[in-house]
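**Q** Pasting a structure here, questions to come.
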Amino acid sequence: MKKMTNLLLGAASLAGLVAVTAPSFAQDAPAWALTGYVAVTSDYRFRGISQGNRDFAPQGSLNVTGPDGFYVGTWASRVDFDPTKSGNPYMELDIYGGKHTDLWGVDWNFEPYYYAYPAANVPKGTPVPDYFELINQFTKAFGPVSFTGTWAWSPNLAFDGGTGNYLEGLASYTVTDWLSVSGHLGHQWAQNAKYVGSSDYTWGDIGATASYKGFALDGRFVGTDLSGAKCAAFYMTTTHACAGGFVATLTYNVSLLP
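Quick note: the sequence shown uses our numbering, first residue 23, plus one each step.
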């Protein structure tokens with residue numbers, strides 16, 4: 023059971039990873055476009071919890087956007103869930119797609135998202151770490167301020183972790199054309215957490231992002247309300263994975279087509 027839960031939150035961090043990797047919907051966007059980015063982060067955090075033993079991780083993404091707000095993409099990162107068995111797994115490779123729709127001035131992003139760990143060494147016949155979520159995001163801008171609400175639902179979290187529900191709010195303020203400040207507040211419900219001495223939890227972050235041409239440098243403080251023991255019991259082997267810390271991420275964005 024404990025091994026099952028060590029990989030529960032292996033995916034992407036929310037600035038919220040989905041919010042970062044999904045392409046934006048724009049009425050005047052070309053019919054088809056291919057974009058991507060490469061990044062390095064000091065600590066890959068997914069919903070507040072370190073996925074790489076609080077170590078540096080290279081990351082990257084490719085996205086194809088089509089007409090009417092449709093898109094598909096993939097995202098990858100180094101991970102290290104269990105330092106005692108380093109490299110199992112050592113990579114996360116996610117696949118997602120969806121559609122942006124305008125609802126009376128609110129951008130609704132409906133996104134099926136699959137978290138995959140192709141390098142995981144799992145005994146045959148045992149539950150796998152891969153899992154699936156349905157994600158709904160609603161974004162509304164008021165001048166320089168924008169708000170995003172997210173609801174994610176999983177029928178079965180990693181390693182048969184049970185039903186999962188997640189709610190998150192994001193607020194962002196554009197200070198200048200190159201600087202913005204933002205913060206997340208989210209809560210994760212996990213069906214089987216209570217059975218192993220853990221619990222649902224709340225996390226949050228606050229930080230700033232500076233951009234120049236294709237580069238973006240983001241720095242923020244991230245923390246959760248999980249104790250070290252509860253973190254290790256269900257979400258991650260290391261007791262410090264849920265502790266607060268500063269995270270810096272450098273990203274280079276590129277438009278490949280057209």
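Think of the CB as a built atom: it goes at the ideal place given N, C-alpha and C, for glycine as much as any other residue.
Given a cut-off of 8 Å on the beta-carbon distance, is the pair A180 and I157 in contact?
**A** Start at 1 with the first residue of the sequence shown, and residue 180 comes out as number 158. Start at 1 with the first residue of the sequence shown, and residue 157 comes out as number 135. No, these two residues do not count as a Cβ contact at 8 Å.
**Q** Find out if the Cβ-Cβ distance for the pair L248, Y223 is shorter than 8 Å.
**A** Counting from one through the sequence shown, the residue named residue 248 turns up at place 226. Counting from one through the sequence shown, the residue named residue 223 turns up at place 201. Cβ distance < 8 Å, so L248 and Y223 count as in contact.
**Q** On the CB-based measure, 16 or more other CB atoms within 10 Å of its CB, does L125 come out buried or exposed?
**A** The residue labelled residue 125 in the question sits at position 103 within the sequence shown. Classification of L125: exposed, given that the 10 Å Cβ count is below 16.
**Q** May I ask which residues mark the beginning and end of the beta strand (DSSP E) holding D227?
**A** Locating residue 227 in the sequence shown gives position 205, where the first residue counts as 1. Here the beta strand (DSSP E) through D227 covers 223-234.
**Q** Around the Cβ of S176, are there at least 16 other Cβ atoms within 10 angstroms (buried) or fewer (exposed)?
**A** Translated into positions along the sequence shown, residue 176 becomes position 154. Its Cβ being crowded by 16 or more others within 10 Å, S176 is buried.
**Q** Quick one: residues in its chain with C-beta nearer than 6 Å to the C-beta of N1, no 5 flanking neighbours on either side, listed in chain order?
**A** As displayed, the chain neither begins before 23 nor continues past 280, which places residue 1 out of reach and without an answer.
**Q** Use the C-beta contact count for G219: other C-beta atoms within 10 angstroms, 16 or more gives buried, fewer gives exposed.
**A** If you number the sequence shown from 1, residue 219 lands on position 197. Exposed.
**Q** Quick check: the Cα distance between Y217 and I117, rounded to an integer number of angstroms?
**A** Here the question's residue 217 lines up with position 195 in the sequence shown. Here the question's residue 117 lines up with position 95 in the sequence shown. In a straight line, the C-alpha of Y217 is about 30 Å away from that of I117.
**Q** I'd like the list of long-range same chain contacts for T260, defined as Cβ closer than 7 Å, with 5 residues on each side in sequence excluded.
**A** The count along the sequence shown starts at 1 and reaches residue 260 at position 238. Cβ within range, chain order: N75, P105, A254.
**Q** Compare the beta carbon distance of N85 and G95 with 8 Å and say whether it is the shorter of the two.
**A** Counting from one through the sequence shown, the residue named residue 85 turns up at place 63. Counting from one through the sequence shown, the residue named residue 95 turns up at place 73. Result yes, Cβ atoms of N85 and G95 sit closer than 8 Å.
**Q** Taking the runs of the beta strand (DSSP E) that are 3 residues or longer, which of them lie wholly in the region 71-140?
**A** As far as the region 71-140 is concerned, its whole beta strand (DSSP E) runs of at least 3 residues are 79-87, 92-100, 113-125, 128-137.
**Q** What's the gap between the Cα of G88 and the Cα of T123?
**A** For the purposes of this step, residue 88 is taken as the residue at position 66 of the sequence shown. For the purposes of this step, residue 123 is taken as the residue at position 101 of the sequence shown. Rounded to whole angstroms, G88 to T123 spans 13 Å at the Cα level.
**Q** For G119 and T170, I'd like the C-alpha separation in whole angstroms.
**A** Counting from one through the sequence shown, the residue named residue 119 turns up at place 97. Counting from one through the sequence shown, the residue named residue 170 turns up at place 148. The alpha-carbon atoms of G119 and T170 are separated by roughly 19 Å.
**Q** Considering only residues of the same chain and omitting the five flanking positions on each side of F47, which have a CB-CB separation below 7 Å?
**A** Along the sequence shown, read from residue 1 onward, the residue named residue 47 stands at position 25. Low per-residue confidence applies at F47: pLDDT is 40, beneath 50, and the placement is therefore not dependable, though the value from the model is reported in the following sentence. Cβ neighbours of F47 beyond the five flanking positions: G91, H122, D129.
**Q** Ends of the beta strand (DSSP E) at Q159?
**A** Position 137 of the sequence shown, counted from the first residue, corresponds to residue 159. Looking at the DSSP string, the run of the beta strand (DSSP E) that includes Q159 is 153-164.
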